[in-house]
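**Student:**
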Amino acid sequence: MKRVWPIVAIFAAVMVACVAAPPLTTTAAAATAAQSKDRTVYLVIAPYLTWADVTATSTPSLWRIAEQGAVASVNARSRVRKSGTGATALEGALAISSGVWALPDWAAPAAFNASETVAGGTAAESYRRTVGDSTDDADIVFLGLPIIERANRKGSVDVQLGTLGETITSAGGVTAAIGNSDTGYSDAPEFQRPAAVASMDASGLVAFGDVSAALLATSTAAPYARGTDPMRFANALASALQRVEAHGGPALVVLDAGDLARARDFSWQVDPTVAARQRAEAVAALDHVVGLAVDARGPDDVVIVASQALFADPSGDAEGFGPLLVLGEGFEGFATASSTHRMGLVTNIDITATVLEALRLERPVQVLGSPINTLSTDKDASSRIAYLSRQSDVLVAINQVKPAVSRTMVVLAVLAFALTLALALLASPTPGTVTVLAMTARGALLLALAIPCAVWLAAIVLPAPGSGAAAGAAIALGTVALAAPLFALSRRLPIRAPVAVLCLLTSLTLLAEQFVGAPLSLLSALSYSALLGARYYGIGNETAAIVFGSLVVGCALLIDAWPRARWVEMLRSWGVAVLGVVFVGVAVAPALGANVGVAIWGTAGFALAALLLRGVRLTPGRVGLIIVGAVMVVGVFAAVDVFGGGAQTHLARALEGADRGGVGTLWTIIVRKAGANARVLGSTELTWILVSAAALGALVRWRRPAVWTSLRSANAALFAVATAAIGAGIVAFFTEDSGIVIPSYMALYVGGAFAWMLLARLGDIEAVNRDDSDRQ
């Protein structure tokens, strides 16, 4: 029992540190806004706008917001996109409308003015025919609602289209939409009206506005020979605002200049110089619309300009973040949100939450985003925009090299495991064959094991790579710099030292950076991608798996190397358990890793490792205690998050959602994670690491049992943590939406250490022959 108290004390210290850690300092816009009765939010949709477009001379209205308000990069994430085409504003509008990443269906009809002619009758008649309801005198109807609702029933996320507009109208407010992004020529148009989609209610209706082609004028120099008429747009906005004011209550007015979408769609058909001129004119038209919103804004109103530039285009060129600019009382400096915990970075579904916050309306449980807050700064508009533009370029460069880094690691690991297995199964290898195969396998192993650490360290050496090639070169040089000295000294060092050094250096580096806000994880080619929007802060599932695997294997190698040393006995007796407490505490704490899923499999894995290293036999009762302990850890950290000043982890937000939306909300999350798990299972190349490592162990156990027994006897600690990793990997597979990725990263270190020791054993041919003779 005496040995338990140090563990309890360290666990308590970690908990106190996590709770006491200061949260992200923000200024809530709603807290400082004036408390007027009615307020209007103007949301300007700006598809394909980039930071390079925002200048003091070319976009004075946007620059005015940047000077007086808050700026951030926005990730307008799209999970589905039409094959062979670029992203459209439809995906972003659906996300804003529902507060989640809704799925589009490009076969769905667009929104129309109720009086427009559609299918031989009015759009209102088509709406009644397809939706089955009355238009209630709405100006605009979205005819694609039934089709897109059907498409989203197949998804794993609870999508309720029109959540934003429905929340506003249910509170006695109103929405309006002005703008037309139709492409194609007037005799064969392709209808795009994202302003209506973003502002519609749950019935697909918008009370006021105009999204018809009547807003366009003929222009021989414009894309498709037409563009938004400034005067018609201004008149439509003025008319809508008069009706909004007469109606009263909170209001959302969504504006879409339209010309940027036409310029983008038309750019593939014209000379680059023509495309550049048309795009510049489209940006100017957008700035004019932004100016209309700024001029119409009352003292309590808020103007939001949100780019809908998404991640990739059909040419294969990566796109970065788009600009988001907010003007209103309490918004200044850099914008941020609890969704990202990153200065100057928000998500598109944060826009939904921000609109509702600005209108002082309760956020429905379906809205997954967080209200935008601000971080004050002494940087002027030019400096802030330069910072955000550079951040976007850096993340694009890193994202370009991610597939190559992951694939290289997989190839090296699989090659090392395959060569090790070939050497193990050779009947009578010659000394030369043994030397060549063993040296090649060892080199490949050290390179594979060095890549994760090199990726994080490269972010220190080169924090702002100018291109994917530069980022890849830094990682490659770092990998060689770590692996080459260990390979050269492997014959002079203790046999386990090279792998142990790489494992412990990796785990300590990745854990330490969590205490300074995880800046390297954002820039890591093996961590989460902020561009893709899976996670923005803390410790990702990939990182947690790397830390777990490298930490337990590194400890096991030390224990096997010096089994009689006093410090090793301490490590075996309670040191691994303490490290487990630290790992889980750092990974799960809301102010640090904020990854509550690690509490389940991390606690289970380290508990198994601690027991097995001490020679404790596993029984159903002890396994049950481990499960109970994992659940308790989850509960403790969830309570810390919920009651500690605001939900920062996914679990806490899920619990808040269940409190408002019922247990069904939790079930939706479980289904979503299961669906994501199934998709990852067959789509990641990391699975090959797990498969090849498992094949190596199984075939050696079957074909060379004497070698297996000898290895197990000499590496008892390694085999113990291998069992613990298998248990943790199984738990992680069924509890995390990363699925097979987590056990695959664990297999890199467990399988790598096993292969390293097997290669050392196979190098002693006389000992292997003796084992075979004894077996015979």
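Residue numbering for the sequence shown follows my numbering, starting at 1375 and increasing by one per position.
Virtual Cβ for every residue (Gly too), placed ideally from N, Cα, C.
1. Per the DSSP calculation, Arg-1600 is bridged to which residue(s)?
2. So is Trp-1437 buried or exposed if we call it buried at 16+ other beta carbons inside 10 Å?
3. What are the residues that DSSP puts in a beta bridge with Asn-1487?
4. Using only CA atoms, which one of Ala-1930, Leu-1851, Ala-1965 lies nearest to Gly-1891?
5. Here's the rule I'm using: 16 or more other beta-carbon atoms within 10 Å means buried, otherwise exposed. How should Tyr-1559 be labelled?
6. Straight-line CA distance for Thr-1430 to Leu-1699?
7. Return the chain-ordered ranges of every beta strand (DSSP E) run that is complete within the segment 1699-1729 and spans a minimum of 3 residues.
8. Report the start-end ranges of each alpha helix (DSSP H) in the segment 1937-1979 that is 4 residues or longer and not cut off at the edges.
9. Tell me where the alpha helix (DSSP H) around Ile-1470 begins and ends.
10. Which residue or residues does DSSP assign as beta-bridge partners of Gly-1495?
11. Does DSSP put Ser-1573 in a helix, a strand or coil?
12. Based on Cα-Cα distance, which residue from Ala-1550, Pro-1563, Glu-1564 lies nearest to Asp-1584?
13. Please name the residue or residues paired with Phe-1582 in a DSSP beta bridge.
14. Out of Leu-1885, Leu-1867, Leu-1795, state which residue places its alpha-carbon closest to the alpha-carbon of Pro-1826.
15. List the residues that DSSP assigns as beta-bridge partners of Ile-2063.
16. Return yes when the Cβ of Gly-1623 is within less than 8 Å of the Cβ of Ala-1562, no when it is not.
17. Under 8 Å between the Cβ atoms of Ala-2098 and Val-1926?
18. With distances taken from CA atoms, which of Asn-2089, Ser-1432, Gly-1672, Glu-1655 is nearest Gly-1702?
19. What's the call for Thr-1993, buried or exposed, on a 16-neighbour Cβ count within 10 Å?
20. Below 8 Å on the Cβ atoms is my guess for Ala-1822 versus Leu-1786; work out the distance and round it to an integer in Å.
21. Using 10 angstroms around the beta-carbon of Met-1574, count the other beta-carbons present and answer buried if the total reaches 16, otherwise exposed.
22. Going by alpha carbons, who is nearest to Gly-1976 out of Val-1960, Val-1990, Arg-1988, Leu-1987?
23. Please confirm whether Ala-1482 and Gly-1518 have their CB atoms less than 8 Å apart.
24. Taking buried to mean at least 16 other C-beta atoms within 10 Å of its own C-beta, is Leu-2133 buried or exposed?
25. Which residue comes first and which comes last in the beta strand (DSSP E) that contains Ala-1446?
26. Using the Cα positions of Ala-2091 and Ala-1930, report the straight-line distance between them to the nearest angstrom.
27. Please report the distance separating the alpha-carbon of Asp-1934 from that of Val-1950.
28. Look up Val-1739 in the DSSP assignment and say whether it is helix, strand or coil.
29. Could you check whether Ala-1727 and Gly-1743 sit closer than 8 Å to each other, using their CB atoms as the reference points?
30. Measuring straight from C-alpha to C-alpha, what distance separates Asn-1635 and Pro-1421?
31. When you compare the CB positions of Ser-1555 and Asp-1630, do they come within less than 8 Å of one another, or not?
32. Please work out which residues of its chain come closer than 8 Å, Cβ to Cβ, to Ala-1818, disregarding the five sequence neighbours upstream and downstream, and give them in chain order.
33. By a C-beta neighbour count over all protein chains shown, 10 Å radius and 16 as the cutoff for buried, is Arg-1816 buried or exposed?
34. According to DSSP, Pro-1697 sits in a beta bridge with which residue or residues?
35. Assuming Ala-1597 and Ala-1637 form a contact by the criterion Cβ under 8 Å, report the distance between their Cβ atoms to the nearest whole angstrom.
36. Report all residues from its chain with a CB closer than 8 Å to the CB of Arg-2077; omit the five preceding and five following residues, and keep chain order.
**Tutor:** On the basis of the supplied data:
1. Numbered from 1 along the sequence shown, position 226 holds the residue referred to as residue 1600. Per DSSP, Thr-1592.
2. Working through the sequence shown from its first residue, we reach residue 1437 at position 63. With 16 or more other Cβ atoms within 10 Å, it is buried.
3. Along the sequence shown, one-based indexing puts residue 1487 at 113. Paired residues: Ile-1514.
4. Taking the sequence shown and counting its residues from 1, one reaches residue 1891 at position 517. Of the listed residues, the one whose Cα sits closest to Gly-1891 is Ala-1965.
5. As a working note, residue 1559 is residue 185 in the sequence shown. Exposed, by the Cβ-count rule.
6. Taking the sequence shown and counting its residues from 1, the one referred to as residue 1430 is at position 56. Taking the sequence shown and counting its residues from 1, the one referred to as residue 1699 is at position 325. The sequence shown places Ala at residue 1430, not Thr. Each residue's alpha carbon lies about 14 Å from the other.
7. 1707-1711, 1719-1721
8. 1940-1944, 1950-1962
9. Within the sequence shown, numbered from 1, the residue matching residue 1470 stands at position 96. First-last of the alpha helix (DSSP H) with Ile-1470: 1463-1472.
10. As a working note, residue 1495 is residue 121 in the sequence shown. Answer is Val-1492, bridged to Gly-1495.
11. Along the sequence shown, read from residue 1 onward, the residue named residue 1573 stands at position 199. Three-state result, Ser-1573: helix.
12. Walking along the sequence shown from the start, residue 1584 turns up at place 210. Answer by Cα proximity: Ala-1550.
13. Here residue 1582 refers to the residue found at position 208 of the sequence shown. In DSSP, Phe-1582 forms a bridge with Ala-1550.
14. Position 452 of the sequence shown holds residue 1826. With distances taken between Cα atoms, Pro-1826 lies closest to Leu-1885.
15. Mapped onto the sequence shown, residue 2063 falls at position 689. According to DSSP, Ile-2063 bridges with nothing at all.
16. Locating residue 1562 in the sequence shown gives position 188, where the first residue counts as 1. Locating residue 1623 in the sequence shown gives position 249, where the first residue counts as 1. Not in contact: Ala-1562 and Gly-1623 (Cβ atoms no closer than 8 Å).
17. Indexing the sequence shown from 1 puts residue 2098 at position 724. Indexing the sequence shown from 1 puts residue 1926 at position 552. Yes, the Cβ-Cβ distance between Ala-2098 and Val-1926 is below 8 Å.
18. Mapped onto the sequence shown, residue 1702 falls at position 328. Among Asn-2089, Ser-1432, Gly-1672, Glu-1655, the Cα nearest to that of Gly-1702 is on Gly-1672.
19. Translated into the one-based positions of the sequence shown, residue 1993 becomes position 619. Its Cβ having fewer than 16 others within 10 Å, Thr-1993 is exposed.
20. Looking up residue 1822 in the sequence shown gives position 448. Looking up residue 1786 in the sequence shown gives position 412. Contact flag correct, Cβ pair sits at about 4 Å.
21. Position 200 of the sequence shown, counted from the first residue, corresponds to residue 1574. It counts as buried.
22. On the sequence shown, residue 1976 is found 602 positions in, with the first residue counted as 1. Measuring from the Cα of Gly-1976, the nearest candidate turns out to be Val-1960.
23. Here the question's residue 1482 lines up with position 108 in the sequence shown. Here the question's residue 1518 lines up with position 144 in the sequence shown. Yes, the pair counts as a contact, with Cβ atoms nearer than the cut-off.
24. The residue labelled residue 2133 in the question sits at position 759 within the sequence shown. By the 10 Å Cβ count, Leu-2133 comes out buried.
25. In the sequence shown, the residue the question calls residue 1446 occupies position 72. Run containing Ala-1446: 1444-1449, per the beta strand (DSSP E) assignment.
26. Reading the sequence shown from its first residue, position 717 is the one you call residue 2091. Reading the sequence shown from its first residue, position 556 is the one you call residue 1930. Roughly 5 Å separates the two Cα atoms.
27. Within the sequence shown, numbered from 1, the residue matching residue 1934 stands at position 560. Within the sequence shown, numbered from 1, the residue matching residue 1950 stands at position 576. Their Cα atoms are separated by approximately 14 Å.
28. Mapped onto the sequence shown, residue 1739 falls at position 365. Three-state DSSP puts Val-1739 in coil, outside helix and strand.
29. Within the sequence shown, residue 1743 is the residue found at index 369, counting from 1. Within the sequence shown, residue 1727 is the residue found at index 353, counting from 1. Yes, the Cβ-Cβ distance between Gly-1743 and Ala-1727 is below 8 Å.
30. To locate residue 1635, count along the sequence shown from 1; it is residue 261. To locate residue 1421, count along the sequence shown from 1; it is residue 47. Strictly speaking, residue 1635 in this sequence is Ala, with Asn absent from that position. Distance between the alpha carbons of Ala-1635 and Pro-1421 is about 6 Å.
31. Translated into the one-based positions of the sequence shown, residue 1555 becomes position 181. Translated into the one-based positions of the sequence shown, residue 1630 becomes position 256. Yes.
32. Taking the sequence shown and counting its residues from 1, the one referred to as residue 1818 is at position 444. Excluding residues within five positions, the ones whose Cβ falls inside 8 Å are Leu-1786, Ala-1787, Leu-1789, Ala-1790, Leu-1793.
33. As a working mapping, residue 1816 is identified with position 442 in the sequence shown. Result: buried.
34. Walking along the sequence shown from the start, residue 1697 turns up at place 323. BP columns for Pro-1697 point to Ser-1447.
35. Looking up residue 1597 in the sequence shown gives position 223. Looking up residue 1637 in the sequence shown gives position 263. Note that residue 1597 is Pro in the sequence shown, not Ala. Right, the Cβ-Cβ distance comes to about 5 Å (below 8 Å), so this counts as a contact.
36. Here residue 2077 refers to the residue found at position 703 when the sequence shown is read from its first residue. Ala-1798, Leu-1799.
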